Amino acid sequence: MHIRKPAYYDAFHCTASACRDTCCAGWEIDIDPASRDLYRRMPGPLGEKLRTYMEPGEESCSFRLIEGERCPFLTEKNLCELILEKGDGILCEICREHPRFHEWFGSLRESGLGLCCEEAARLVLGAEQPTVFVEENLPGAEEAEDIPKEERPLLSALFISRETAFTLLRERSLSLGERCSLLLAFGAELQEALEEGNSSSILCLSEFYAREGASLLPGLQKTPDAGNAPSPRETTQKLLSFFAGLEPMDPNWPHRLLSLRGTLPKYCSESGMGSPPAADHTEGPCAGSLYENLLIYFVYRYWMKSFYDGELLPKAKLAVTGFLLFRLLNGAEPSFEGAVQNAKAFSKEVEYSDENLDAFYTAAWQEDFLSLPALFTLLLSGK
Numbered sequence: 085m086h087i088r089k090p091a092y093y094d095a096f097h098c099t100a101s102a103c104r105d106t107c108c109a110g111w112e113i114d115i116d117p118a119s120r121d122l123y124r125r126m127p128g129p130l131g132e133k134l135r136t137y138m139e140p141g142e143e144s145c146s147f148r149l150i151e152g153e154r155c156p157f158l159t160e161k162n163l164c165e166l167i168l169e170k171g172d173g174i175l176c177e178i179c180r181e182h183p184r185f186h187e188w189f190g191s192l193r194e195s196g197l198g199l200c201c202e203e204a205a206r207l208v209l210g211a212e213q214p215t216v217f218v219e220e221n222l223p224g225a226e227e228a229e230d231i232p233k234e235e236r237p238l239l240s241a242l243f244i245s246r247e248t249a250f251t252l253l254r255e256r257s258l259s260l261g262e263r264c265s266l267l268l269a270f271g272a273e274l275q276e277a278l279e280e281g282n283s284s285s286i287l288c289l290s291e292f293y294a295r296e297g298a299s300l301l302p303g304l305q306k307t308p309d310a311g312n313a314p315s316p317r318e319t320t321q322k323l324l325s326f327f328a329g330l331e332p333m334d335p336n337w338p339h340r341l342l343s344l345r346g347t348l349p350k351y352c353s354e355s356g357m358g359s360p361p362a363a364d365h366t367e368g369p370c371a372g373s374l375y376e377n378l379l380i381y382f383v384y385r386y387w388m389k390s391f392y393d394g395e396l397l398p399k400a401k402l403a404v405t406g407f408l409l410f411r412l413l414n415g416a417e418p419s420f421e422g423a424v425q426n427a428k429a430f431s432k433e434v435e436y437s438d439e440n441l442d443a444f445y446t447a448a449w450q451e452d453f454l455s456l457p458a459l460f461t462l463l464l465s466g467k
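Next up, the structure:
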């Protein structure tokens, strides 16, 4: 198997009890079939406890959480009783892999770290140099079903389009708002080519945007529907209300988002939402690299999913709106560690809820505040 991953991937190590928000509480913990069988056979007191807290479901098995929605094997010191007694090898798949994620494309596996873990978020957001990816071969690793020969040109073209998306986001001569606007414009044109299954058009668009993308910026605010677009303030209010209206994991999350409406005069000003003020961060990496790293993360994690579901533009909108919401959150807590906690909160509430992600993807097609004219006006205001 061929593996692609961010250069920081192997630097991740769980901080265990030092973590401010353990991943062993507040989450449903599914047990994969191999671990389920192991736990059912395990002798001794630990085996008895495992079987006591294993809860069978219709299609899967999970641990029954205890008070505070804690895993029954999480000690008072926030350490894992299973690891303490048996080592890492006893963990079920979800505990062993978290916060890693994987996507398979035949003999290629792409891996990354999810933002829902604060230590992973520090690695994702913290590099001041542009995010790079490394590749290696892992002989004998399990591979997904091979990609049909007739679909490989489309897959290859989409990978090339993602490289162009990275190029647009790394262009530091442009503001973040300009980079996000180009990402959206590129995504919209690619969506049409993807619906047609036209790999040649995807390649041509990728080459054009990599070479001439910046030349399109003056026209993005002059689309036929631009005059009917909501104002930047209205778009931002609707954006906050939408995310606050999703099913929350943390009951305080909606209140946090709605409280940000009082900061809108600051962020919907002449500088535009795409140009973070210098005061956004007082320590850690500069604001530009932090937000760039976030956008690269979103594109790396979601862009290629469009090969399977055919929906690329909503993935581009997720990256951009995630950036916008992240920036508003950071304005209220201007530090790198604050940014890490904000990224983790957004990830837990949106990325790690299939229902909330689906709700966003649906809204990306239907809601006026997620239309291209509305987002261009917000991102390029003051330009």
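Remember, our numbering sits 84 above the position in the sequence shown when you count from 1.
Glycine residues also receive a C-beta, built at the ideal position from the N, C-alpha and C atoms.
Just so it is clear, the structure is predicted and the values come from calculations on it, not from any experiment.
Proximity of residue i and residue j at Cβ, strictly below 8 Å
i      : j      : result
Ala443 : Leu330 : yes
Ile244 : Ser290 : yes
Asn312 : Ala211 : no
Cys145 : Glu151 : no
Glu433 : Trp337 : yes
Phe185 : Arg385 : yes
Ser283 : Ala241 : yes
Arg246 : Glu255 : no
Leu374 : Leu344 : no
Leu207 : Tyr92  : yes
Ala100 : Ala427 : no
Phe157 : Leu166 : yes
Boundaries of the alpha helix (DSSP H) in which residue i is found, first to last residue
i      : result
His86  : His86 -> not in any alpha helix (DSSP H); beta strand (DSSP E) instead, spanning 86–90.
Arg411 : 397–415
Glu273 : 260–279
Phe468 : Outside the shown range of the chain, which is 85 to 467, sits residue 468, and nothing can be said about it.
Pro237 : 236–253
Ile113 : No alpha helix (DSSP H) holds Ile113; DSSP gives it neither H nor E.
Thr461 : 456–464
Gly303 : 301–304
Glu318 : 316–328
Leu168 : 165–170
Three-state secondary structure (DSSP) of residue i
i      : result
Arg32  : There is simply no residue 32 to check, as the chain begins at 85 and stops at 467 in what is shown.
Ala427 : helix
Pro127 : coil
Leu199 : coil
His182 : coil
Cys176 : coil
Arg154 : strand
Asp121 : helix
Asp442 : helix
Cys108 : coil
Cys103 : coil
Phe391 : helix
Ile380 : helix
Glu187 : strand
Cys288 : helix
Glu212 : coil
Ala294 : helix
Ser373 : helix
Arg135 : helix
Phe96  : coil
Ser257 : coil
Asp230 : coil
Tyr386 : helix
Glu421 : helix
Contact belief for residue i with residue j at Cβ below 8 Å, rounded distance in angstroms
i      : j      : result
Ala400 : Leu267 : 5 Å
Leu441 : Ala448 : Incorrect: roughly 11 Å between the Cβ atoms, too far for contact.
Glu113 : Cys155 : Looking at the sequence shown, residue 113 is not Glu but Ile. Contact holds; Cβ gap of about 6 Å.
Glu421 : Leu199 : Actually they do not touch by this definition, with Cβ atoms about 14 Å apart.
Arg202 : Arg104 : Going by the sequence as given, residue 202 is Glu instead of Arg. Right, their Cβ atoms sit about 6 Å apart.
Gln305 : Phe460 : 6 Å
Leu409 : Phe327 : 6 Å
Gly281 : Leu238 : 6 Å
Phe270 : Thr248 : 7 Å
Glu229 : Arg88  : Wrong, their Cβ atoms sit about 18 Å apart, outside the cutoff.
Met388 : Glu181 : So it is not a contact: roughly 19 Å between Cβ atoms.
First and last residue of the uninterrupted beta strand (DSSP E) at residue i
i      : result
Asp332 : According to the sequence as given, residue 332 is Pro; it is not Asp. First-last for Pro332: undefined, no H or E at that position.
Asn221 : 217–221
Pro338 : Element bounds for Pro338: not the beta strand (DSSP E) but the alpha helix (DSSP H), 337–343.
Gly140 : The sequence shown places Pro at residue 140, rather than the Gly named in the question. Start and end: 138–140.
8 Å Cβ cutoff, residue i in contact with chain D
i      : result
Leu278 : No chain D is part of this structure, which consists of one protein chain only.
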